[in-house]
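**Q**
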Amino acid sequence: MDPVSEITEIRKKTLMDSTILSRAIVDSFRKLEPRTMAKNPVMFVVEVAAVLTTVQLIWNSLHHAEQIGFGLQITLWLWFTVLFANFAEAMAEGRGKAQADTLRKARAETQARRLRGDAGIETVLSSKLRAGDVVVVSAGEFIPGDGEVIEGVASVDESAITGESAPVIRESGGDRSAVTGGTRVLSDEIKVRITSNPGETFLDRMIKLVEGAARQKTPNEIALNILLAGLTIIFLLAVVTLQPFAVYSGAPQNIFVLVSLLVCLIPTTIGGLLSAIGIAGMDRLIQRNVIAMSGRAVEASGDVDVLLLDKTGTITLGNRAATQFYPAPGIAETYLADAAQLASLADETPEGRSIVVLAKERYNLRGRDLAAHAANFIPFSAQTRMSGVDIDGREIRKGAPAAIARFVSPGGNDVPAELKTCVEEISNSGGTPLLVAENRRVLGAIALTDIVKGGMRERFEHLRAMGIRTMMITGDNPLTAAAIARQAGVDDFLAEARPEDKMALIKREQAKGKLVAMTGDGTNDAPALAQADVGVAMNTGTQAAKEAGNMVDLDSNPTKLIEIVEIGKQLLITRGALTTFSVANDVAKYFAIIPAMFAGAFPVLEVLNIMRLRTPESAILSAVIFNALIIIALIPLALRGVRYRPVGAAALLQRNLLIYGVGGIIAPFVGIKLIDMLLPYLGLA
2 MDPVSEITEI
12 RKKTLMDSTI
22 LSRAIVDSFR
32 KLEPRTMAKN
42 PVMFVVEVAA
52 VLTTVQLIWN
62 SLHHAEQIGF
72 GLQITLWLWF
82 TVLFANFAEA
92 MAEGRGKAQA
102 DTLRKARAET
112 QARRLRGDAG
122 IETVLSSKLR
132 AGDVVVVSAG
142 EFIPGDGEVI
152 EGVASVDESA
162 ITGESAPVIR
172 ESGGDRSAVT
182 GGTRVLSDEI
192 KVRITSNPGE
202 TFLDRMIKLV
212 EGAARQKTPN
222 EIALNILLAG
232 LTIIFLLAVV
242 TLQPFAVYSG
252 APQNIFVLVS
262 LLVCLIPTTI
272 GGLLSAIGIA
282 GMDRLIQRNV
292 IAMSGRAVEA
302 SGDVDVLLLD
312 KTGTITLGNR
322 AATQFYPAPG
332 IAETYLADAA
342 QLASLADETP
352 EGRSIVVLAK
362 ERYNLRGRDL
372 AAHAANFIPF
382 SAQTRMSGVD
392 IDGREIRKGA
402 PAAIARFVSP
412 GGNDVPAELK
422 TCVEEISNSG
432 GTPLLVAENR
442 RVLGAIALTD
452 IVKGGMRERF
462 EHLRAMGIRT
472 MMITGDNPLT
482 AAAIARQAGV
492 DDFLAEARPE
502 DKMALIKREQ
512 AKGKLVAMTG
522 DGTNDAPALA
532 QADVGVAMNT
542 GTQAAKEAGN
552 MVDLDSNPTK
562 LIEIVEIGKQ
572 LLITRGALTT
582 FSVANDVAKY
592 FAIIPAMFAG
602 AFPVLEVLNI
612 MRLRTPESAI
622 LSAVIFNALI
632 IIALIPLALR
642 GVRYRPVGAA
652 ALLQRNLLIY
662 GVGGIIAPFV
672 GIKLIDMLLP
682 YLGLA
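The following block contains the structure:
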């Protein structure tokens, strides 16, 4: 199977896929290495406890062979607890490692045709290419390294990176010039300037990022680790100091009981699942074809307060379309449409083509053979802001209102007052007005309308419910921007935006303590992407944009930023919910173990045995078994994530306390009692 097909299959694999399962089981044992375990203080303490009970068990087997049954079971379940925690992390890493292995195949050494200084071509291995080299890539060949197209246009298969089968167009100039090493040219020939050295390509960075083992802990995760380590130290001191009191009271405890108490009281559930939750959050992004440069970016997306979105291509479809002709007084609408169509026949922009189509649909005006008329087409230029045609003595121009006003002024004409009002109304309604003139006389106006994508208003309402403020960024004038903002349902907008304006806006919001996310694809977006807390660069964008952002969307879908925010929030909610569940668990374990430890010496403590567990040994063993099994039971939830609902913080806290707080107290009571009832039937107690 080729790398493209393998990546597609990996993305379809379920959490219980046999390949991922078998690999996770092997990795669970590999992670027992003390230096690896030390990165997780809670589970490291459990491993040390398992080692201590193992040593004690060996001692007992040599000197008191008849007393090893209870100790053997406790020791085995302690090791299971450590292995189950390692298994959770290995499962979270499994899909990423499988995809990384496949990406390594896509990175295989290829031959490259490099241009020499004398304009000749030499064949070299891709590993010999350096930044600045120029290579020629033809149809059927693989692009040997990350770069930018400097000459030509070609269809490129990027499915090895994006998983999408549809080819994309890559061409020199603009924001579609970036190409990725390991992708294949399907048609034509292009010249590519290499922009990365070996080992520094986008594919190399992807391989490192999708492997969970290389994931850096996020600030919140580090803080939670410190809290869990602190709780572990507190309970460790409590258990260590408990033995002297027990000896003084005439109820000394053996090491198996003390270790069981310690392991059941420290937050092993969240300690065993914490890494898996973080890795799974990044994996959920990968499943949506988004590569996060760090776990910090994923976490930050869950705390985003302000979302900045470009208008064109994100909120609107990206191409303005002609929707209406408005003739000047005394001009027939058909005559205006005919002149507008003539002026647009050589205009290959989406706006120009839409004018031709509108005239054809409204007035059945077809494209004409202008060869016999010696037509002279005038292309659009940034200086004149007009385009048009000179044909049969007719000088037709189409362009911005101000440009057409300057065009007709030398003829002593002016834009009629009725058309000025029309232009203002088009702008106020969110459209873009164009004027058409013939022989220095204004014929009328054309309304170009930005089409807002379907469902955008609902998505912005969804974000508002999440407590996120949306801001549209556009180069349009304030009137047009305001109309589009109203139609789309965004909270605010920035009109006539320049790169420095975007930067200033982000800094203003951050100065208020807000976390800002934005998308971009052009070199002019790079400064703002770097400044934003969450900067999502489009894969079709420039290399500068991808380097500046802390996420890359392989599908180049700007609206995916909304999904990224939801994934980030889901990660934070999952971590909080399972932490609440883990801490609440300790209540039931306390009622199981403490009475079992001291009821023999102090019968009055039997009243605390509210679960009516059969014997002290059965109570302690049941608690230890439940403590191990609950980790396995919660692995699917940790990897899939707690379902996110757009509700306020207070409602979210209340829901977590009811479900995971109260549930965390009830579940161990039920689970420990069931295990206590099953042990005799299993011959374990």
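If you count the sequence shown from 1, position 135 lands on 136 in this note's numbering, and the numbers rise without skipping. By construction, the Cβ of each residue, glycine as well, lies at the ideal position given by its N, Cα and C atoms. On a predicted model such as this, the values are computed, not experimentally measured, just so you know.
Going by DSSP, which residues form a beta bridge with Ala323?
**A** Ala323 is bridged to Leu449.
**Q** So does the stretch 290–301 actually touch the stretch 433–445, counting three or more Cβ pairs closer than 8 Å?
**A** no
**Q** Only counting runs of 3 or more residues, tell me where the beta strand (DSSP E) segments fall wholly within the stretch 210–289, in order along the chain.
**A** none
**Q** With a threshold of 16 other CB atoms inside 10 Å of the CB of Trp60, please say whether the residue is buried or exposed.
**A** exposed
**Q** Less than 8 Å between the beta carbons of Leu495 and Met472, yes or no?
**A** yes
**Q** With three or more beta-carbon pairs closer than 8 Å as the criterion, would you say the stretch 72–86 touches the stretch 626–634?
**A** Output reads yes: the stretch 626–634 touches the stretch 72–86.
**Q** Tell whether a beta-carbon distance below 8 Å holds between Ile280 and Glu90.
**A** yes
**Q** What are the start and end residues of the alpha helix (DSSP H) that includes Ile469?
**A** Unbroken run through Ile469: none, as it is neither H nor E.
**Q** For the stretch 467–483 and the stretch 418–433, state whether three or more C-beta atom pairs, one from each stretch, are separated by less than 8 Å.
**A** yes
**Q** Can you check which of these residues, Glu190, Ile565, Asp677 and Ile633, is closest to Ser302 by C-alpha distance?
**A** Ile565
**Q** With a 10 Å radius around its C-beta and 16 neighbouring C-beta atoms as the bar for buried, classify Asp393 as buried or exposed.
**A** exposed
**Q** Going straight from the alpha carbon of Gly577 to that of Gly282, what length do you get?
**A** 14 Å
**Q** Excluding sequence positions up to five away, which residues of its chain have a Cβ less than 7 Å from the Cβ of Gln532?
**A** Met504, Ile507 and Lys508
**Q** Where does Ser197 fall in DSSP's three states?
**A** coil
**Q** Grab the span of the beta strand (DSSP E) containing Ala113 for me, first residue to last.
**A** Gln112 to Leu116
**Q** Does DSSP put Asp677 in a helix, in a strand, or in coil?
**A** helix
**Q** Go through the stretch 137–164 residue by residue and report every complete run of the beta strand (DSSP E) that reaches 3 residues or more, in order.
**A** 148–152 and 154–158
**Q** What residue range does the beta strand (DSSP E) around Val608 cover?
**A** Taken as a continuous stretch (DSSP letters only), Val608 belongs to no beta strand (DSSP E), as it is neither H nor E.
**Q** So, does the stretch 36–47 touch the stretch 266–273, judging by three or more C-beta pairs under 8 Å?
**A** yes
**Q** Please report the distance separating the alpha-carbon of Tyr661 from that of Leu579.
**A** 7 Å
**Q** Can you list, in chain order, the residues of its chain whose CB lies under 8 Å from that of Phe599, leaving out five sequence neighbours each side?
**A** Ala247, Ser250, Ala252 and Leu606
**Q** Can you give me the C-alpha to C-alpha distance between Gly456 and Gly148, rounded to a whole angstrom?
**A** Going by the C-alpha atoms only, they are around 36 Å apart.
**Q** For Ile316 versus Leu310, is the C-beta distance shorter than 8 Å?
**A** yes
**Q** Can you tell me the Cα-Cα spacing of Ile122 and Arg185, whole angstroms?
**A** Taken atom to atom, the span from the alpha-carbon of Ile122 to that of Arg185 is near 20 Å.
**Q** Over what stretch of residues does the beta strand (DSSP E) that includes Leu309 continue unbroken?
**A** Val307 to Asp311
**Q** Go through its chain and collect everything with a Cβ distance to Ala639's Cβ below 6 Å, but skip five positions before and after it.
**A** Leu274, Ala277 and Ile278
**Q** Is Gly665 closer than 8 Å to Ala581 when the C-beta atoms are compared?
**A** Checking the sequence, you will find Thr at residue 581 rather than Ala. Cβ atoms of Thr581 and Gly665: closer than 8 Å.
**Q** Check for me: the beta strand (DSSP E) holding Thr124 runs from which residue to which?
**A** Ile122 to Leu126
**Q** State the DSSP-derived secondary structure class of Gly400, mapped to helix, strand or coil.
**A** Collapsing the DSSP output to three states places Gly400 in a strand.
**Q** Please report the straight-line C-alpha distance between Thr20 and Lys32, rounded to a whole angstrom.
**A** 18 Å
**Q** Report all residues from its chain with a CB closer than 6 Å to the CB of Phe71; omit the five preceding and five following residues, and keep chain order.
**A** Glu618
**Q** Give me the DSSP bridge partner(s) of Asp493.
**A** Met472
**Q** Any contact of the stretch 346–353 with the stretch 404–423, i.e. 3+ C-beta pairs under 8 Å?
**A** Result no; under three Cβ-Cβ pairs closer than 8 Å.
**Q** Can you tell me where the alpha helix (DSSP H) holding Val390 begins and where it ends?
**A** Going by DSSP, Val390 is part of no alpha helix (DSSP H) but of the beta strand (DSSP E) stretching over Met387 to Ile392.
**Q** State whether the stretch 444–453 contacts the stretch 322–333, with contact taken as three or more CB pairs (one from each stretch) at a distance under 8 Å.
**A** Segments in contact, yes.
**Q** Taking the beta strand (DSSP E) that Ala518 falls in, what are its first and last residues?
**A** Val517 to Gly521
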